[in-house]
């Protein structure tokens, strides 16, 4: 490459120009216009540009869609959260209800606000599971408040309290790191009642000087709780297990199952192929489909029907509740296929549906808000031998049925 | 929750009435109304309603209420039977 930096400036038609030379004649001189930089949002091409970046943006951070503004406090700017959920919040809620990346659905721990909180506004404490945070910011019905989000590792309030991540230490740590004592002039925290499993109120006072007031179980009652002078009536203090709450749990119960799907299908088709002719692919296919219907019936009975019908199924033991619903589902399946199965096969299908339903319903104890671990253990000691025995009978009956 | 009753007579909940100071904190944090104030001390009014969440024991200033909390999840309990140790949460 030649060095042309030091060349004389070339004229518009290529001939050399001396500083005094007259403009060349081949083209009319074009006066230099300043290039239209983004002055008034009008650019040369494409749609108009958006506004300038917010002064609240920071390199390396991403603004959450639920932050509508910031409020300056002696402890620095605090994000103000929107009190209405948008489409992204709802989609996220539906997604985690199906158990998809549920353990990653978190918000950053720290101090937030709703409305226009000031130094006298109440401080509401919650977990950093986004569903917990969303329930508080959108459903509390509190005009102006601070929200202190504790790092529970993305787990909801009650489970986190049980696991020890919503703990006294974690609350104290967050109060200190958020410099809450510089933001508010009172010394009171309102904690969700269900965090009491992991938080000792007197130790919070000792650790950070803030007094704990136990709020209601549900965020939706907070408005009334505050209006009543921080008094909770009896229903605010009690957990419920309504039909809607039980239905909400069904998808996540189902989301635990795919890990067993492959093995169950393989076993169903493999066992179905054995018969008088050693192994028949036709039998594997046809009888396997029957067995898959029984598996599906058991899953429906134990993970969908029994949780929904829970209070209306007589008996207290979950494994028996599940077995009752499972037998009903199994009878329906056998009735539906009665022309294609012999007695042995019918028995195998019925037991298969019942035992799957019994086990899944027993496992549902982990999702209810009223079963004691001591009770679950007692029930399991009785039920598991029956379930295991029945689970062994099914393949024996199923294979034997092919030979009769 | 009176519609929902689980196995009776199994809870590990214990109350030492002598040690109770009657602060009433356990009656506030219990989500099932198992404990209630009677005169100047607390008493267990619905023992079989206890789900062993441990909120009362955690917040009792004198250790008058005791309970062994745990997870009520079958899979976790089976794991603890197989691997030994306390049931870890699922």
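Residue numbers (the working numbering), protein chains in the order written: chain A, 292 to 695; chain B, -16 to 73.
Heads up, the beta-carbon is just placed ideally off N, CA and C, and yes, glycines get one too.
Same chain, Cβ closer than 8 Å to residue i, five either side skipped, listed in chain order
i              : result
residue 670(A) : 608, 609, 610, 653, 656
residue 19(B)  : 10, 25, 26, 28
residue 411(A) : 475, 476, 477
residue 313(A) : With a pLDDT of 48 at residue 313(A), under the threshold of 50, the modelled position of this residue cannot be trusted, and the question is left open.
residue 23(B)  : 5
Beta carbon proximity, residue i to chain B, threshold 7 Å
i              : result
residue 516(A) : no
residue 501(A) : no
residue 537(A) : no
residue 654(A) : yes
residue 602(A) : yes
residue 505(A) : yes
residue 522(A) : no
residue 607(A) : yes
residue 361(A) : no
Residues that residue i contacts on chain A, provided the C-beta gap is smaller than 9 Å
i              : result
residue -16(B) : 529, 530, 531, 532, 660, 661
residue 88(B)  : Because chain B spans -16 through 73 in this model, residue 88(B) falls outside it and cannot be assessed.
Proximal residues of chain A, C-beta to C-beta of residue i below 8 Å
i             : result
residue 35(B) : 663, 664, 665
Partners in chain A for residue i, counting only beta-carbon separations shorter than 7 Å
i             : result
residue 27(B) : The premise fails here: residue 27(B) is roughly 14 Å from chain A at the closest Cβ pair, so nothing lies under 7 Å.
residue 57(B) : 653, 654, 656, 657, 667, 671
residue 12(B) : 484, 487, 505
Any C-beta of chain A under 7 Å from that of residue i
i             : result
residue 62(B) : no
residue 18(B) : no
residue -2(B) : no
residue 30(B) : no
residue 4(B)  : no
residue 48(B) : no
Chain-ordered neighbours of residue i on chain B, where CB pairs are closer than 9 Å
i              : result
residue 648(A) : The premise fails here: residue 648(A) is roughly 14 Å from chain B at the closest Cβ pair, so nothing lies under 9 Å.
Residues near residue i in its chain [Cβ-Cβ closer than 6 Å; skip 5 each side]
i              : result
residue -9(B)  : 31
residue 49(B)  : -3, 40
residue 510(A) : 426, 427, 430, 431
residue 570(A) : 564
residue 579(A) : 559, 560, 563
residue 449(A) : 485
residue 310(A) : Bear in mind that a pLDDT of 48 at residue 310(A), under 50, signals an unreliable position, so the model cannot answer this.
residue 443(A) : 418, 419, 451, 456, 457
residue 364(A) : 474
residue 641(A) : 621, 625
Same chain, Cβ closer than 7 Å to residue i, five either side skipped, listed in chain order
i              : result
residue 275(A) : As shown, chain A starts at 292 and ends at 695. That puts residue 275(A) outside it, with no answer to give.
residue 513(A) : 415, 431, 432, 433, 506, 507
residue 446(A) : 418, 420, 454, 456
residue 484(A) : 505, 506, 507, 508, 528
residue 583(A) : 556, 559
residue 615(A) : 604
residue 532(A) : 659, 660, 661
Cross-chain neighbours of residue i in chain B, by beta carbon under 8 Å
i              : result
residue 508(A) : 14
Cβ of residue i within 7 Å of any chain C Cβ
i             : result
residue 45(B) : No chain C is present in this structure, whose protein chains are A and B.
>> Output needed in chain order: residues of the region 667 to 688 of chain A with a Cβ under 7 Å from some Cβ in chain B.
In response: 667, 668, 669, 670, 671
>> Measuring CB atoms only, is the region 11 to 21 of chain B touching the region 678 to 690 of chain A, in the sense that at least three cross pairs come out at less than 8 Å?
In response: Segments in contact, no.
> What residues in the region 474 to 497 of chain A have a beta carbon less than 8 Å from any beta carbon of chain B?
Replying inline: 484, 485, 487, 488, 489, 490, 491, 492, 493
> Should the region 544 to 555 of chain A be called in touch with the region 465 to 482 of chain A, which here means at least 3 C-beta pairs below 8 Å?
Replying inline: no
>> I want to know whether the region 390 to 408 of chain A touches the region 361 to 374 of chain A - three or more CB-CB distances under 8 Å.
In response: yes
> Using a beta-carbon distance cut-off of less than 7 Å, what residues from the region 454 to 474 of chain A approach chain B?
Replying inline: 454
>> Using a Cβ distance threshold of 8 Å, determine whether the region 336 to 344 of chain A contacts the region 376 to 388 of chain A, with at least three qualifying pairs required.
In response: no
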